[in-house]
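Before any comments, here is the structure.
Protein chains in written order, with the working numbering: chain G, 165 to 918; chain Z, 2 to 338.
Laid out in structure tokens, this is it:
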């Protein structure tokens, strides 16, 4: 019988649970890509190119090759054969264009491009030899200046799969021209680099029997596996990709990075194990959030009711791929206006292709739109929160479809109450303490609630231990813990009895982790697999002598608690998992299941919009003379459906808010137009917030029951925290100082009174 | 791997002999040198680890000042009770810099000898006259947000990044060095230099000379002082503009004032004429503005760092006000005093 000395501790969905992988991480047991040992390992060090565009005219490898321990120098001249066709190089994200091929030819496409890989018996020898490689170039004219690149902006005919065309309504231009209240301004966002703590790294374990294991930092093991197999001619049985632990990624690991390509190429060529780790400086040679300009035009009635929304945005990309983002749609989805029009284009320049970075498109577009909304609120003389309420839309205003749920009103209400918004003095520059001007600002966040087909396996053994497995990833987001909670919830087991295995291409199918969808998608798959195990258990229980559970045939008839099935209609009747399995002669119950959109008619498809919302409130204190900003309070109230683990979900919002602070005040990659190169490529000079910058952050999850959005009723929380945090801060800075800043980040030089 | 000889002497005389070799470098806390090695900026053929030298003490000088051993860490110095009581400006400036972890490793000798943070200096793929004489300066006409507005040359617009050195300049410390010719003492104002025609030289050390100590004079500024630092985030960033002020006020008038600027030049920036402007005047805004104008005379921006001129024009009077009022800037409470 169950232990009745105390109430069983029911741990499940909604329980704030510490990270189940926390101990492994803080004790160093968790292995990251660069930490796996491999016999006979060769160390590869990447030589990065110096010029932005042109071609290599010579490579002097003599000195490098004479360094003891160096076994090979791979360049475009001696690299192994690779396929011709672009389609072999397409990754899971499939950005239109010609994917970058490391060491493909003498052509240089961006500064920092890998031009050689030095392989040596020790890291030190490889590193030193790499510094001796002498590459000569013939430079061609280049441009990395975004404003200059706007002359070449265009909308590609072939769109990225994830791109959503803005849907226009009415006659926005005419409505804007007629509007009594008008706001028009151009906004700019600087380039940001993802800078996860762990650098991109790969260890290829060459097993010597034709198979290899690729330990790689990425956000999707199976996508990287397909990419590598297509290029290097391995089958999926031969090449396995493991990303069990990932030290942050923020989108930089959505696509295979060039170090994994080089490591596998080298391993195949040398028939040996190879490790390649990027330096922090090399982390600035690939993925980055595109630079953006966005002109917003808003027209309204004197009451503040919007009559026209117009947006025209351009984001940066490379010359070889057309990366696209959804920038202008967010304000159109969120606000009720009879007339709306969105335009979008991309501008190519001689850098690596821009990439998805935490809330791609929305962190740019919604944030900027919310600064524009603030500007119009002041013009209308309406409180910024009231202004949002006047223009509140209960339906998706662009697609004109209902939401599965939208508790934004509640987020506004609870966030405002926690912040004390009603005590705000409306006039800019009207709140002050000593030399500091105090400003309160707010903004609205909006992101997608995605759900994608995902498989999972659950395996219960007679000792009462459960293993759940899926190829999904945990990039520091808490996936391990969330899946443990879902399994605990479904089968009534304590999390200590559950092992979660993820981050391995051998495991059941999962897409790349991104778009805040892993918890909802993999969680649903784990739930299904566990339910299937539960059904088997119940069937097995029927063989127990005396049939204590009677004719219970459905999991609805029993409660699963602490390894027991207890009859709901008579809780004195129970069968342990172990007894049920023993009675049926089962050592193991193993089930695999796939969660798909449209599951059981519960998950709405095209007919409804699925989004997560937030209301962000910020307090800043600005030294009037010296321009120093302190962000002293943030309240972020989030409507994200059912929260699986309030603890890791809160951490996600906290991290997003801090990153939003960086977007508001700090993060900016600066390029030298003459050299065509990012110059502040280290963490001393690329600034992200430090502890001193981060004060009180309060996270609120508002109640938002939503059985339609995903099987668990969960929406993702990985991205919503960053969206519009920078707008709330920028708006607070305006309220404090009366200075409107339309260029992010708002660095101290922009604030210094002149 | 990068081949270099390694020596770990225990006597200063041995260290100086080892350090006299061509392409030799001294290693103490390593917080800057190791980065420079990793970036292939520093390529010494001999590394003389001075960590075992008997230079890790703080003691009294005969003239009533304090002698800070070159190997005393920045943390030990900042939190030393004698330093805190007698030279609170120095303690404050040290704590305004870097992080607790770096200050625990970094030494006093290393701090004043740290290299510039110029982006181009650290990136061997770009031109830099300081790193490779004759290559040209990438920062002029390039990304120069953090660069100098005073005392620049057509060859270099780098700044000296130390906070501690700015306070030492204001306190008129002296640097004790030992070389093959024996010991000598360099007034702090003469220790660092402007880039001029030889931007690769940060200071006036002769080849092989080793900093053994920094002497603080007897004169203390315990009432009227401040270290005000403006930067891109509230901690762990180099100064865009910083101001060290040490002042003596007698009968409501300024009897003595020292002002040193960080983040604006190749060395801590002082101008005695600016300080003389203040002497004998009441500590008011008019006096502070007058001194500021003299101090910034000749300041010139290079584009992205133009803002440093108005920033310094605001920061200097503010620092003078803080010092005069006896309300020095806290380095823990980030609210500006």
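From the three backbone atoms N, C-alpha and C, an ideal C-beta is built for every residue, glycine too. Nothing here was measured: the structure is a model prediction, and the numbers come from that model.
| Check | Outcome |
| --- | --- |
| Residue range of the beta strand (DSSP E) that residue 327(G) falls in? | Counting along the chain, residue 327(G) falls outside any beta strand (DSSP E), and DSSP gives it neither H nor E. |
| Here's a check: name, in chain order, each residue in its chain whose Cβ is nearer than 7 Å to the Cβ of residue 670(G), leaving out the five neighbours to either side. | 404 |
| Taking just the CA atoms, how far does residue 310(Z) sit from residue 297(Z)? | 8 Å |
| What do you get for residue 570(G), buried or exposed, if any count of 16 or more other CB atoms within 10 angstroms of its CB means buried? | buried |
| How long is the line joining the alpha carbons of residue 193(Z) and residue 145(Z), rounded to whole angstroms? | 21 Å |
| For the region 679 to 749 of chain G, which segments carrying the alpha helix (DSSP H) assignment without a break, of at least 4 residues, lie completely within its bounds, in sequence order? | 682 to 705 and 741 to 747 |
| From the beta carbon of residue 314(G), is the nearest beta carbon of chain Z less than 8 Å away? | no |
| Relative to the alpha-carbon of residue 386(G), which residue among 891(G), 406(G), 842(G) and 484(G) has its alpha-carbon at the smallest distance? | 406(G) |
| Might you give, ordered along the chain, the residues of its own chain that have their beta carbon closer than 8 Å to the beta carbon of residue 174(Z), omitting 5 neighbours on each side? | 189, 215, 216, 217 and 218 |
| Taking the alpha-carbon positions, what's the residue 258(Z) to residue 208(Z) distance? | 34 Å |
| First and last residue of the alpha helix (DSSP H) that includes residue 646(G)? | 643 to 655 |
| Closer than 8 Å, CB to CB, is residue 849(G) near chain Z or not? | yes |
| For residue 249(Z), collect the residues of the same chain with a Cβ closer than 6 Å to its Cβ; drop the 5 residues on either side in sequence, then sort them by chain order. | 256 and 257 |
| Considering Cα atoms alone, identify which of 518(G), 417(G) and 428(G) is closest to residue 397(G). | 428(G) |
| Output needed in chain order: residues of the region 202 to 221 of chain G with a Cβ under 9 Å from some Cβ in chain Z. | 212, 213, 214 and 215 |
| Let me know the secondary structure DSSP gives residue 344(Z) once reduced to three states. | Here chain Z covers residues 2 to 338 and nothing more, so residue 344(Z) does not appear. |
| Buried or exposed for residue 765(G), please, with buried defined as at least 16 other CB atoms from any protein chain shown within 10 angstroms of its CB. | Confidence at residue 765(G) is low in this model, with a pLDDT of 46, below 50, so its placement is unreliable and no value can be given for it. |
| Mind checking whether residue 516(G) and residue 194(G) have CB atoms under 8 Å apart? | no |
| Shortest alpha-carbon distance to residue 836(G) belongs to which of 275(G), 220(G), 177(G) and 244(G)? | 275(G) |
| Have a look at residue 170(Z) and residue 137(Z) and give me their C-alpha separation to the nearest angstrom. | 30 Å |
| Verify whether the separation of the beta carbon atoms of residue 34(Z) and residue 26(Z) is less than 8 Å. | yes |
| Output yes or no for whether 8 Å exceeds the beta carbon distance between residue 451(G) and residue 540(G). | no |
| Could you check the C-alpha separation between residue 639(G) and residue 379(G) for me, to the nearest Å? | 14 Å |
| How close, in whole Å, do the beta carbons of residue 884(G) and residue 804(G) come, if the pair is a contact with beta carbons under 8 Å? | 6 Å |
| Check whether the region 600 to 611 of chain G touches the region 782 to 789 of chain G, counting contact only when three or more Cβ pairs, one atom from each stretch, lie closer than 8 Å. | yes |
| For a test of the three-state rule: what should DSSP assign to residue 604(G), helix, strand or coil? | strand |
| Is the region 596 to 603 of chain G touching the region 808 to 821 of chain G in the sense that three or more CB pairs, one from each, lie closer than 8 Å? | no |
| Please tell me whether residue 765(G) has its Cβ less than 8 Å away from any Cβ of chain Z. | Bear in mind that a pLDDT of 46 at residue 765(G), under 50, signals an unreliable position, so the number given afterwards is only what the model happens to contain. Closer than 8 Å: no. |
| Near residue 237(Z), which residues of its chain fall below 6 Å by C-beta distance, leaving aside the five closest residues on each side in sequence? | 100 |
| Anyone know if the C-beta pair for residue 113(Z) and residue 48(Z) falls short of 8 Å? | no |
| Output yes if chain Z places a C-beta closer than 8 Å to the C-beta of residue 792(G); else output no. | yes |
| With DSSP as the reference, identify every bridge partner of residue 861(G), one or two as the case may be. | 798(G) |
| Do the region 336 to 346 of chain G and the region 470 to 477 of chain G touch if we need at least three Cβ pairs shorter than 8 Å? | yes |
| Quick one, which of 232(Z), 178(Z), 111(Z) and 92(Z) has its alpha-carbon nearest residue 17(Z)'s? | 178(Z) |
| Are the CB atoms of residue 508(G) and residue 360(G) nearer to each other than 8 Å? | no |
| On the DSSP bridge list, what partners appear for residue 453(G)? | 356(G) |
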